[in-house]
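Novice: The following block contains the structure, expressed as structure tokens.
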Amino acid sequence: MFFPLFSLLGFTFEHTIVCDRLWTPKGMAMALHALPPLVKVAVAQMTAISDTNANFITCARLVQEAAAAGVKLLSLPECFSFIGSRDGEALGIAEPLTGPIMKRYQSLAREAGLWLALGGFQEKGPDDKHIYNTHVLLDDYGRICSSYRKIHLFDVDVPGGPVLKESNNTAPGSEVVVANCPAGKLGLTVCYDLRFPELYQRLRFAENAEVLLVPSAFTKKTGEAHWELLLRARAVETQCYVLAAAQAGKHNDKRESYGDAMIIDPWGTVIARLPDKLVTGIAVAQVDLSMLQAIRLRMPIEQHRRYDIYGPSCPQQVPSKGDEKHSSL
Ligand SMILES: O=C(O)CNC(=O)[C@H](CS)NC(=O)CCC(=O)C(=O)O
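Going letter by letter, the sequence shown gives residues -19 to -1, 1 to 310 in mature numbering (1 follows the signal peptide of the UniProt record, and there is no 0).
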């Protein structure tokens, strides 16, 4: 009974839920407010190289394309500004967030009038040997709203693929970051973070995120095996939208990324993806927060959690009594 009903996602389903909500006191209160508007969002796919200017030109084109399509939030992939061909090359181009590279992207967001999530910027690090891999959110005036420094570094000997040791040149961040934007409450993450569900659990169940950003530069090998699987799992288990911008194709002789940028809804359905895994472009979809709320209301996994048995994956997850943040709709 339950699942066939759920499979009717769409206007009919949404309408049913909206009516259902009216029967609860909170639903009544909600009915007095307008439903959350549908907001167009997009993810970008590109092949960054070791030339910040060339990459900027590509990003500017994608931003203009997004603005022309009425997009309010565009997510650019990890390393949108630079992918080096030698180990440690990124150290040479790293800048503080107040530097000229960031200024150019700020102008881009302001001129296009859209929010721009810069999925992994080479931010000058704590010492000469390390950068931060920083996800920066710009608003539609080009102001820096939030920044998140990648906390899980990719030190992996990929089976059948390259050995990468991100921590050689990158220092990890230490904070979980959420930020409000017109598309909802964003959870900022980067690439390899995707493999650590505890972070996403915290973003949803402690920080109340609604849209998870996972800008990436996945390796070809691991992308083939895990990319879509992990993204859809994160969407389903958090009941969030997932925006996954991606690097794609050959950056240089040694480095190749998987591509397949996509947008997933809170039911786990891929609602937009680049038609070709290797093409440069954007994929556009609408974020519908009333649909997200409907799913959370009908399947209240937030209330069904048994922290008393298996413990929280982070202490912040345990709701304190009367904490509004943790109550369902
Ligand atoms: O090194 C740079 O230039 C920028 N950083 C990256 O591209 C990072 C670290 S090497 N890549 C990943 O995290 C891939 C994760 C991945 O592929 C997986 O989890 O399977």
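Beta carbons: idealized from backbone N, C-alpha and C, even for Gly. All of these numbers come straight from a predicted model, not from anything done at the bench.
1. Should the stretch 211 to 223 be called in touch with the stretch 41 to 57, which here means at least 3 C-beta pairs below 8 Å?
2. So residue 210 is in the beta strand (DSSP E); what residue range does that whole segment cover?
3. Report the CB separation of residue 167 from residue 181 in whole angstroms; it is logged as a contact under 8 Å.
4. State the DSSP-derived secondary structure class of residue 158, mapped to helix, strand or coil.
5. With 8 Å set as the bound, which would you pick, yes or no: does the beta-carbon of residue 38 sit closer than that to a beta-carbon of chain B?
6. So does residue 114 have its beta carbon nearer than 7 Å to some heavy atom of ligand 1?
7. Straight-line CA distance for residue 140 to residue 238?
8. Can you tell me whether residue 76 sits near ligand 1, meaning its C-beta is under 7 Å from at least one heavy atom of the ligand?
9. Going by C-alpha to C-alpha distance, which of 28, 24, 298, 23 sits closest to residue 260?
10. Leaving out five residues on either side along the sequence, give the residues of the same chain with a beta carbon under 7 Å from the beta carbon of residue 63.
11. What is the rounded straight-line gap between the Cα of residue -14 and the Cα of residue 218?
12. Enumerate, from N- to C-terminal direction, the unbroken alpha helix (DSSP H) stretches of 4 or more residues contained entirely within the stretch 48 to 78.
13. Does the pairing of the stretch 190 to 207 with the stretch 170 to 181 give three or more beta-carbon distances under 8 Å?
14. Please list, in chain order, all residues of the same chain as residue 163 whose beta carbon is under 6 Å from its beta carbon, the five residues on each side excluded.
15. Quick one: give me the first and last residue of the alpha helix (DSSP H) that residue 179 is part of.
16. Consult DSSP for residue 254 and reduce its assignment to one of helix, strand or coil.
17. Could you tell me if the beta carbon of residue 203 falls within a distance shorter than 7 Å of some heavy atom in ligand 1?
18. List the endpoints of the continuous alpha helix (DSSP H) containing residue 279.
19. Output the boundary residues of the alpha helix (DSSP H) element that contains residue 91.
20. Just checking my contact of residue 89 with residue 117 at CB under 8 Å: how many whole Å lie between their CB atoms?
21. So, at 7 Å on beta carbons, what are the nonlocal neighbours of residue 276 in its own chain, with the 5 sequence-adjacent residues on each side left out?
22. Quick check on residue 86: buried or exposed, where buried means 16 or more other Cβ atoms within 10 Å of its Cβ?
23. Should residue 61 be listed as close to ligand 2, given that the test is whether its C-beta is under 7 Å from any heavy atom?
24. Would you mind sorting residue 298 into buried or exposed? The rule is 16 or more other CB atoms within 10 Å of its CB.
25. May I have the straight-line CA-CA distance separating residue 96 from residue 23, to the nearest angstrom?
26. Which value, in whole angstroms, describes the spacing of the CA atoms of residue 145 and residue 198?
27. DSSP beta-bridge partners for residue 128?
28. Which first and last residues belong to the alpha helix (DSSP H) in which residue 26 is found?
29. Report the partner residues of residue 104 according to the DSSP bridge assignment.
30. With a threshold of 7 Å (Cβ to nearest heavy atom), would residue 215 be considered close to ligand 1?
31. Note the first and the last residue of the continuous alpha helix (DSSP H) segment covering residue 284.
32. Straight-line CA distance for residue 137 to residue 114?
33. Which same chain residues end up closer than 6 Å to residue 233 when comparing Cβ atoms and leaving out the 5 residues on each side of it in sequence?
34. Considering only heavy atoms of ligand 1, does any lie closer than 7 Å to the CB of residue 85?
35. Below 8 Å between beta carbons: does that hold for residue 229 and residue 264?
Specialist: Result, derived from the coordinates:
1. The stretch 211 to 223 is not in contact with the stretch 41 to 57.
2. Counted as a single uninterrupted DSSP element, the stretch harbouring residue 210 is not any beta strand (DSSP E) but the alpha helix (DSSP H) occupying residues 201 to 219.
3. Wrong, their Cβ atoms sit about 13 Å apart, outside the cutoff.
4. Three-state DSSP puts residue 158 in a strand.
5. Absent here is chain B; the protein component of the structure consists of one chain.
6. The answer is yes for residue 114.
7. Residue 140 and residue 238 have their C-alpha atoms spaced approximately 15 Å apart.
8. Incorrect: residue 76 has no Cβ contact closer than 7 Å to ligand 1.
9. The shortest Cα separation from residue 260 among 28, 24, 298, 23 belongs to 28.
10. Closer than 7 Å at the Cβ level, and outside the excluded window around residue 63, lie 29, 31, 33, 36, 71, 74, 103.
11. The predicted model places residue -14 with a pLDDT of 42, which falls under 50 and marks its position as unreliable, so this point remains unresolved.
12. Listed in chain order, the complete alpha helix (DSSP H) runs (minimum 4 residues) inside the stretch 48 to 78 are 71 to 74.
13. Touching, yes.
14. Excluding residues within five positions, the ones whose Cβ falls inside 6 Å are 20, 53.
15. Looking at the DSSP string, the run of the alpha helix (DSSP H) that includes residue 179 is 178 to 186.
16. Correct three-state label for residue 254: strand.
17. Yes.
18. Counting along the chain, the unbroken alpha helix (DSSP H) around residue 279 starts and ends at 270 to 279.
19. For residue 91, the enclosing alpha helix (DSSP H) starts and ends at 81 to 93.
20. Contact doesn't hold; Cβ gap of about 12 Å is too wide.
21. Excluding residues within five positions, the ones whose Cβ falls inside 7 Å are 220, 247, 248.
22. With 16 or more Cβ atoms within 10 Å of its Cβ, residue 86 is classed as buried.
23. Within the structure as shown, ligand 2 is missing, the only ligands being ligand 1.
24. Around the CB of residue 298, 16 or more other CB atoms lie within 10 Å, so the residue is classed as buried.
25. Residue 23 has its alpha-carbon roughly 10 Å from the corresponding atom of residue 96.
26. Residue 145 and residue 198 have their C-alpha atoms some 12 Å from each other.
27. Listed as beta-bridge partners of residue 128 by DSSP are 117.
28. Where residue 26 is concerned, there is no enclosing alpha helix (DSSP H), although the beta strand (DSSP E) it sits in stretches over 20 to 27.
29. 76, 113.
30. Using a cutoff of 7 Å, the CB of residue 215 does not count as near ligand 1, since none of the ligand's heavy atoms is closer than that.
31. From DSSP, the alpha helix (DSSP H) with residue 284 extends over 282 to 285.
32. Residue 114 has its alpha-carbon roughly 17 Å from the corresponding atom of residue 137.
33. In the same chain as residue 233, and ignoring 5 residues on each side of it, the C-beta atoms closer than 6 Å to its own belong to 66, in chain order.
34. Not under cutoff, so the answer is no.
35. No, the Cβ-Cβ distance between residue 229 and residue 264 is not below 8 Å.
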